[in-house]
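Chains as they are written, first to last, in our numbering: chain A, 1 to 342; chain B, 1001 to 1342.
Ideal Cβ positions, reconstructed from N, Cα and C, are used throughout, including at glycine.
Every value quoted in this text rests on a predicted model; they were computed, and no experiment measured them.
Below: one structure, written as structure tokens.
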DNA sequence: GAAGAAACTTATCGCGCGTAAAATTTCTAT
DNA sequence: ATAGAAATTTTACGCGCGATAAGTTTCTTC
């Protein structure tokens, strides 16, 4: 770290004794040059701290080394954790992850896609908000930029989808609940994304298969403040005579967290220990669900598997020049997490 | 949206009937051109969807329109919410916010600062991890890039700091707790940032001022999994005879959430309603703290004020060419939030 | 040690835009 | 109407790098 400041790649090439095109090659892939020249370049790098101008690089490269990550709602630690995983893997492969959150707003999602077009990313990992209205725009985007969907599927859109298998996870917890007590009813809000619908349908068919009458309780709510919606809806339902049975399966953990808070407010005990208590279960194994009172029984989504596989498929896609042979869907199984709430 | 595709600014200038330098001026600031020419450009923009190449723009501009946002731990909804606020304000001013999370790791924080150097941002909003070891590096960074610190202060570093006034908020809740029941003891973990220390010191002096003996209980924990640390530590302390008094003030809400879960596990009732119960209070008004059982009494940090002021100061800094006259510290008051836990 | 392959150097172009200076047009105020 | 200010156009250059082609050096292989 001494000597005069290096202003551009030519100057750095001069002080390292290597020609500029070779230095350029090195920065695009250190293994593409001979070992001895690589050593000379890296020796120079230790004396002069030069870094190529990323804007000049990206202007001329066909493809940048940027990976766009779009999640629907970053204040939900579930997505924050997945984003963290994905970021780490991208960095490990020498790419630049750039994280965006739609914050539950379709307009923002649209703006993000527009921004991403300008960024000319090598690929995009997109967990869409999932309302149907945006389908056409997202489809158009996916045709321009190599994109892998995760968490929330849109049929036929994007080159691949990675998520959880609601058709496996919901029957899993339904059967558990039926075996350990009264059959559950299903507590849901209007679907902000397709998973919610799939979960309800999976609930209905699982209950029918087990010979029970599927009861669905839907509450109001249009935002992504799921805890608040679960709380308000819970106060309402529990105040008006409660659920059909003493077991409630919520369409996700955040709703369940709100429902538990509502039950507490109304002095209705929650848990599996006493038959007079109401049992509450969720879905996702949200980072906070082990700290509710009582801790929440739920089905864990395999965070790590979903994020790993998403990145893996995206990089296959990038290496295949942006087009896979056919659309690939990968669904991971949920894992039953038995805690005290149900 | 018709006509041939526009490939660059020259082509767009041609079809809009304006010279390229003027078009360039328009994109840098639409108000810098005459209203009539602005109208002509925007008319052309509706027919041909052209957008300037951001890489070419940023390569030549002295300053980009990028704003870096760095938070220590994005899986904490507290920071996710602040980031959301900041992003929105930056977008409103025509800048590009780019969000980074250190994920609690100093090495990652360092890498992020290096990346930010390459991005040549107009300014950076940085909530540092706060361990002393990184001080020198951050100080160096702040001298190169206009930076405003928030949430966690580092004395003398950066052009400004915006955060909460622990010296106001802690006495506030201490006095409330003393007036409504037995004086609190303080539940803390080893400080991952300066706020933790400030809060403990504020607790000690507030208690002394009120004529009580300040009891501090410190538990182990080096990560950012505060809930888990609070839970494990809570099990340990409560299992070994409990706290000195029946009132516990936690150094932050996430720790309190873990402690409440530990109390539940041990069948120790929590709340203010019965003198035999343990009272638990937190600090921050974390997004989830209203959904604990019982809901958490705490001191709210003014999210909105902190993020608004941070952005405001940063833009002042940018307009002042990166240097303010002197370092500016803004501390916002906390607001007592009385819920059922204490 | 010779021949061929692989890696490097030299020279040159292009990318899409910012920026500056000078010449020209358009606006504003009296 | 006219002078002066303000905005725009013209012209020209520069930014830092990717990419390519042709010539040169270095390595590999037998």
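Nearest-angstrom Cα separation, counted from residue 1141/B out to residue 272/A: By 1-based counting over the first chain, the position of residue 272/A is 272. By 1-based counting over the second chain, the position of residue 1141/B is 141. C-alpha separation (whole angstroms): 54 Å.
Of the residues 41/A, 171/A, 313/A, 67/A, the one placed nearest residue 124/A, counting alpha carbons only: Working through the first chain from its first residue, we reach residue 124/A at position 124. It is 67/A.
Extent of the continuous beta strand (DSSP E) to which residue 329/A belongs: Here the question's residue 329/A lines up with position 329 in the first chain. Taken as a continuous stretch (DSSP letters only), the beta strand (DSSP E) holding residue 329/A covers 328-332.
Interface partners of residue 1258/B on chain A, CB under 9 Å: On the second chain, residue 1258/B is found 258 positions in, with the first residue counted as 1. Within chain A, the residues near residue 1258/B are 291.
Residues bridged to residue 185/A (per DSSP): Here residue 185/A corresponds to residue number 185 of the first chain, with the count starting at 1. Bridge partners of residue 185/A: 248/A.
Option nearest residue 314/A by Cα separation, candidates 171/A, 159/A, 208/A, 184/A: Counting from one through the first chain, the residue named residue 314/A turns up at place 314. Closest option to residue 314/A, Cα to Cα, is 159/A.
CB contact below 8 Å: residue 48/A versus chain B: Residue 48/A sits at position 48 when you count from the first residue of the first chain. Judged by the 8 Å Cβ criterion, residue 48/A is not in contact with chain B.
Residue 303/A at chain B interface by Cβ criterion, 8 Å: The residue you call residue 303/A lines up with position 303 of the first chain. So, not an interface residue.
Status (buried if at least 16 other CB within 10 Å, exposed otherwise) for residue 266/A: Counting from 1 along the first chain, the entry for residue 266/A is found at position 266. Residue 266/A is exposed by the Cβ-count criterion.
Interface residues of the region 93-104 of chain A facing chain B [CB-CB below 9 Å]: 96, 98, 99, 100, 101, 103
Residues within the region 1028-1062 of chain B neighbouring chain A, beta-carbon criterion of under 7 Å: 1051, 1053, 1054, 1055, 1056, 1058, 1059
Under 8 Å between C-beta atoms of residue 1178/B and residue 1244/B: By one-based count along the second chain, residue 1178/B stands at place 178. By one-based count along the second chain, residue 1244/B stands at place 244. Against a cut-off of 8 Å, the Cβ pair of residue 1244/B and residue 1178/B comes out as no contact.
Bridge partner(s) assigned by DSSP for residue 150/A: Within the first chain, the letter at position 150 stands for residue 150/A. Residue pairing of residue 150/A in beta bridges, as defined by DSSP: 162/A.
Reduced DSSP category for residue 1232/B - H, G, I as helix; E, B as strand; rest coil: Taking the second chain and counting its residues from 1, the one referred to as residue 1232/B is at position 232. Residue 1232/B falls in the helix class under three-state DSSP.
C-alpha distance - residue 1284/B paired with residue 148/A, whole-angstrom precision: For this step, residue 1284/B is matched to residue 284 along the second chain. For this step, residue 148/A is matched to residue 148 along the first chain. So the alpha carbons of these two residues sit roughly 37 Å apart.
Proximal residues, the region 1225-1253 of chain B versus chain A, C-beta separation under 7 Å: Within the region 1225-1253 of chain B, the residues whose Cβ lies closer than 7 Å to some Cβ of chain A are 1227, 1231, listed in chain order.
Exposure of residue 1236/B, with buried meaning 16 or more beta-carbon neighbours within 10 Å: Taking the second chain and counting its residues from 1, one reaches residue 1236/B at position 236. Counting Cβ neighbours within 10 Å, residue 1236/B comes out exposed, since fewer than 16 surround it.
Option nearest residue 1153/B by Cα separation, candidates 1163/B, 1145/B, 1146/B: In the second chain, residue 1153/B corresponds to position 153, counting from 1. The candidate whose alpha carbon is nearest that of residue 1153/B is 1163/B.
Which of helix, strand or coil DSSP assigns to residue 1216/B: By one-based count along the second chain, residue 1216/B stands at place 216. Note: residue 1216/B maps to strand in three-state DSSP.
Nearest-angstrom Cα separation, counted from residue 1182/B out to residue 1247/B: Taking the second chain and counting its residues from 1, one reaches residue 1247/B at position 247. Taking the second chain and counting its residues from 1, one reaches residue 1182/B at position 182. The straight-line gap from Cα to Cα measures roughly 6 Å.
Exposed unless 16 or more other CB atoms sit within 10 angstroms - verdict on residue 220/A: Within the first chain, the letter at position 220 stands for residue 220/A. Answer is exposed; the Cβ neighbour count stays below 16.
Residues bridged to residue 266/A (per DSSP): For this step, residue 266/A is matched to residue 266 along the first chain. BP columns for residue 266/A are empty, so no partner.
Interface flag, residue 127/A vs chain B, CB-CB below 8 Å: Within the first chain, residue 127/A is the residue found at index 127, counting from 1. Not an interface residue.
Cross-strand partners of residue 100/A (DSSP beta bridge): One-based indexing of the first chain puts residue 100/A at position 100. For residue 100/A, which the question treats as bridged, DSSP gives the partners 70/A.
Buried or exposed (CB count within 10 angstroms, at least 16 for buried), residue 1134/B: What you label residue 1134/B is simply residue 134 of the second chain in a count that begins at 1. When all chains shown are included, residue 1134/B counts as buried.
8 Å Cβ shell around residue 1119/B - same chain, five flanking residues per side excluded: Here residue 1119/B refers to the residue found at position 119 when the second chain is read from its first residue. Here the set comprises 1064, 1066, 1068, 1098.
C-beta neighbour in chain B for residue 80/A, strict 8 Å: Your numbering for residue 80/A matches position 80 in the first chain. For residue 80/A, the answer is yes, since a Cβ of chain B falls inside 8 Å of its Cβ.
Residues of the region 186-197 of chain A with Cβ closer than 8 Å to any Cβ of chain B, in chain order: none
Under 8 Å between C-beta atoms of residue 1279/B and residue 1205/B: Working through the second chain from its first residue, we reach residue 1279/B at position 279. Working through the second chain from its first residue, we reach residue 1205/B at position 205. It is not a contact, given that the beta carbons lie outside the stated cut-off.
Under the three-state DSSP convention, the category residue 64/A falls into: Position 64 of the first chain, counting from 1, holds the residue named residue 64/A. It is coil, neither helix nor strand.
Range of the contiguous alpha helix (DSSP H) that encloses residue 82/A: Taking the first residue of the first chain as position 1, residue 82/A is located at position 82. Element bounds for residue 82/A: 77-92.
Backbone CA spacing between residue 1175/B and residue 1168/B [nearest angstrom]: Position 175 of the second chain, counted from the first residue, corresponds to residue 1175/B. Position 168 of the second chain, counted from the first residue, corresponds to residue 1168/B. C-alpha separation (whole angstroms): 11 Å.
With 16 other Cβ atoms within 10 Å as the buried cut-off, status of residue 188/A: Taking the first chain and counting its residues from 1, one reaches residue 188/A at position 188. Answer is buried; the Cβ neighbour count reaches 16.
Rounded distance between the beta-carbons of residue 1287/B and residue 1077/B, thought under 8 Å: Sequence index remark: in the second chain, residue 1077/B carries index 77 (1-based). Sequence index remark: in the second chain, residue 1287/B carries index 287 (1-based). Between residue 1287/B and residue 1077/B the Cβ distance is about 4 Å, and since that is below 8 Å, they are a contact.
Distance between residue 1023/B and residue 1032/B (C-alpha atoms, nearest Å): Start at 1 with the first residue of the second chain, and residue 1032/B comes out as number 32. Start at 1 with the first residue of the second chain, and residue 1023/B comes out as number 23. One alpha carbon belongs to residue 1032/B, the other to residue 1023/B, and they sit about 10 Å apart.
Under the three-state DSSP convention, the category residue 33/A falls into: Position 33 of the first chain holds residue 33/A. Coil.
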